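Those letters in the sequence shown? Residues 1 to 207, per this note's numbering, in order.
Comments concern the structure below.
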Amino acid sequence: MKNYHEQIIESVAAVMTDSFLEDPGSVAMLDGIRNPEDLMQAHSLLHSAHAFQTRSLNILDNDPRAFLVGYDSLHENKAKERNLQIKIILKTFSCIGLKNLRRMVTNSRRISKVLNLSWHRDYIKGRHYRIKIIAVDKALRGSGAFRRLIAPVLEYAEREKIPVVLETLNPTNVGLYEHFGFTLVKTITHPGIEIKQFCMIRYPEEA
């Protein structure tokens, strides 16, 4: 019988999988790959376990169908992040085999031209809060779950007087985050690549 923590990780991973499969970056990354849902489920289990272990997983009202993954840069653990990436690479190979892995590497090289997780360093030199994932199960969308997930982060950032950063590949998210005070500071594009990375910052009011 699975313990409570394992149940939480699996429930979060299920919602994360649905979220990833809707993401333009994932769609481009998985183009031509067999059984992409199985791969995303495997990746999501790794991501959710990592978020749980690093205490960067914030679940809404003890319901794993709505959650936020993020952290204060003071608590960033680059060694654990590198370890996660290694696990993802190994899991990818075991899930899809060499032929599909080659296709995925080709896809990755292509879209990497618009992906930059260090973009915020051009705007922020010190401490900040980073939002990595916000996911809400389809059954809870429209219930105010998103607002209740992000509000505590924004309140924390205001108290600590630090900016909040995030990036998204989904253009429909830009307006949503602008509604919560974020500013689009950079859009990363590349000729011939249909997806874009939208880079957003929310500065504290009295910075």
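Ideal Cβ positions, reconstructed from N, Cα and C, are used throughout, including at glycine.
Please read these numbers as outputs of a predicted model, since none were measured by experiment.
For this session: Classify E155 as buried or exposed, calling it buried when 16 or more other Cβ atoms lie within 10 Å of its own Cβ.
Result: So E155 counts as exposed.
For this session: State buried or exposed for S56, treating a residue as buried only when at least 16 other CB atoms are found within 10 Å of its CB.
Result: Classification for S56: buried.
For this session: Taking all protein chains shown into account, decide if E81 is buried (16 or more other Cβ within 10 angstroms of its Cβ) or exposed.
Result: Under this definition E81 is an exposed residue.
Exercise. Can you pull the DSSP bridge partners for I134?
Worked result: Within the DSSP secondary-structure output, I134 pairs in a beta bridge with L68.
For this session: Decide yes or no for the touch test of the stretch 3 to 19 against the stretch 83 to 93: beta carbon pairs closer than 8 Å, at least 3 of them.
Result: No, because fewer than three Cβ pairs between the stretch 3 to 19 and the stretch 83 to 93 fall closer than 8 Å, the two stretches do not touch.
For this session: With DSSP collapsed to three states, give me the class of Y156.
Result: Of the three classes helix, strand and coil, the one that applies to Y156 here is helix, per DSSP.
Exercise. From A79 to L46, what does the alpha carbon distance come to, in whole angstroms?
Worked result: Straight-line spacing of the CA atoms in A79 and L46 works out to 15 Å.
Exercise. In this structure, does DSSP put D31 in helix, strand or coil?
Worked result: Coil.
Problem set entry | Outcome for P171 when other beta-carbon atoms lying within 10 angstroms are tallied against a minimum of 16 | When all chains shown are included, P171 counts as exposed.
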